């Protein structure tokens with residue numbers, strides 16, 4: 237049950253207590269936002285602290301849509317839920333229930349905040365925003381505020397876990413749109429302004445206006461994102477320590493305070509370009525695998541969701557990906573059965589198969605993200621292949637018909 241008066245009081249108290257600390261900790265410039273409610277706030281997602289950062293710009297209380305995995309944080313979750321009543325979003329699953337909850341709360345006069353790309357950025361660019369987001373904004377019956385966070389990617393890189401670096405951050409409203417303005421636009425037009433307003437490219441901004449982000453062990457955890465060596469082409473041979481990382485083949489690099497990469501013979505000066513190349517390398521690996529395993533890892537823990545935010549452990553063992561299935565020990569899941577897949581944190585993977593929802597995680601540093609990269613590719617590649625084959629088969633018939 238939601239207690240709005242209590243939630244509003246908790247919001248005011250928490251903003252008052254944490255406001256100064258947040259601004260100092262992150263060197264954060266939060267521009268005040270004033271608008272008539274109720275409204276939907278859509279923001280880009282860059283750090284673990286984004287909910288608190290966005291709150292610094294808004295005096296009126298808001299309800300956040302948050303990842304379902306925090307509902308299993310034990311006592312911490314009970315405190316968060318009692319104070320703020322967030323709206324659960326199960327990653328890797330459809331969002332119909334979440335959407336209905338958002339609409340109900342806004343129709344009762346509450347403000348709601350959502351991180352529109354749904355997942356923290358890996359490469360510093362705003363992630364994919366679903367086409368249905370514009371329809372949601374129009375259907376909520378309130379206004380829309382698009383809010384952009386800048387500097388978050390270098391402050392708290394996703395691959396670095398909880399590591400924080402001190403540089404500069406800024407948060408501000410890019411656009412404030414009334415209910416009447418939204419009514420005058422189509423859902424596609426609303427979605428277009430959301431994508432435009434929330435787009436952030438951290439590396440592009442850093443090249444134009446360099447800012448140092450200082451801290452300790454700046455490179456540690458980078459192997460949770462970068463898993464293919466550009467020098468030897470091997471998979472899973474990269475490790476990090478301090479500000480440096482490298483491959484067992486001898487390739488070495490340093491992650492600088494400006495977020496760029498330095499190293500002799502290094503073909504990339506930033507993580508984003510490396511990731512683009514890596515994605516193509518992983519796809520090529522999948523294309524050449526045939527019936528053999530594409531990738532495999534030991535020490536993976538798996539669980540199945542049950543009941544009210546519960547998770548039943550299925551054990552710890554080997555995870556293997558083939559072209560047509562994902563296998564955990566004796567459990568084999570066809571890729572065609574997977575209806576959604578998403579990440580939480582640097583090494584948590586969630587996916588759904590209709591009514592079943594699963595979570596994967598690893599205790600030791602490794603790139604779990606490669607499974608999502610390849611599953612996304614393999615789940616779309618067969619359809620693309622069938623379309624190409626159909627076009628090739630249709631070509632002779634078209635040629636014959638034209639003769």
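In the working numbering, the protein residues as written are 237 to 639. We put the CB at the ideal spot given by N, CA and C, even for glycine. Quantities reported herein were computed from a predicted structural model and do not represent experimental measurements.
Rounded to whole angstroms, what is the Cα-Cα separation between residue i and residue j?
i: residue 574; j: residue 514; result: 24 Å
i: residue 281; j: residue 352; result: 8 Å
i: residue 255; j: residue 292; result: 6 Å
i: residue 553; j: residue 501; result: 37 Å
i: residue 249; j: residue 264; result: 19 Å
i: residue 614; j: residue 571; result: 8 Å
i: residue 290; j: residue 591; result: 33 Å
i: residue 424; j: residue 367; result: 7 Å
i: residue 584; j: residue 561; result: 19 Å
i: residue 374; j: residue 271; result: 17 Å
i: residue 303; j: residue 331; result: 11 Å
i: residue 499; j: residue 287; result: 36 Å
i: residue 321; j: residue 539; result: 25 Å
i: residue 528; j: residue 517; result: 17 Å
i: residue 431; j: residue 260; result: 30 Å
i: residue 298; j: residue 347; result: 5 Å
i: residue 481; j: residue 600; result: 16 Å
i: residue 647; j: residue 268; result: This structure does not reach residue 647, given that the chain is present from 237 up to 639, and the question cannot be answered.
i: residue 522; j: residue 530; result: 6 Å
i: residue 262; j: residue 443; result: 21 Å
i: residue 566; j: residue 556; result: 11 Å
i: residue 239; j: residue 535; result: 43 Å
i: residue 547; j: residue 569; result: 18 Å
i: residue 520; j: residue 273; result: 50 Å
My output table needs one value for residue i: the three-state DSSP class, helix, strand or coil.
i: residue 390; result: helix
i: residue 347; result: strand
i: residue 476; result: strand
i: residue 450; result: strand
i: residue 244; result: helix
i: residue 338; result: helix
i: residue 465; result: coil
i: residue 269; result: coil
i: residue 432; result: helix
i: residue 590; result: coil
i: residue 284; result: coil
i: residue 532; result: strand
i: residue 298; result: strand
i: residue 616; result: helix
i: residue 604; result: coil
i: residue 460; result: helix
i: residue 254; result: helix
i: residue 521; result: helix
i: residue 366; result: coil
i: residue 611; result: helix
List the DSSP bridge partners of residue i.
i: residue 537; result: 552 and 597
i: residue 542; result: 546
i: residue 303; result: 325
i: residue 373; result: Per DSSP, none; premise fails for residue 373.
i: residue 402; result: 450
i: residue 443; result: In DSSP, residue 443 forms no bridge with anything.
i: residue 361; result: 437
i: residue 498; result: 490
i: residue 578; result: 586
i: residue 568; result: 563
i: residue 277; result: 349 and 381
Rounded to whole angstroms, how far is the Cβ of residue i from the Cβ of residue j, which I believe are closer than 8 Å?
i: residue 578; j: residue 427; result: No, residue 578 and residue 427 are not in contact; Cβ-Cβ is about 20 Å, not under 8 Å.
i: residue 441; j: residue 410; result: Not a contact, Cβ separation roughly 14 Å.
i: residue 582; j: residue 457; result: 6 Å
i: residue 284; j: residue 392; result: 6 Å
i: residue 493; j: residue 449; result: 6 Å
i: residue 370; j: residue 402; result: At roughly 36 Å, the Cβ-Cβ gap does not stay under 8 Å, so residue 370 and residue 402 are not in contact.
i: residue 587; j: residue 576; result: 6 Å
i: residue 474; j: residue 483; result: 5 Å
Three CB pairs or more closer than 8 Å across the region 455-474 and the region 597-606: yes
Any contact between the region 377-387 and the region 270-280? By contact I mean 3 or more CB pairs, one from each, below 8 Å. yes
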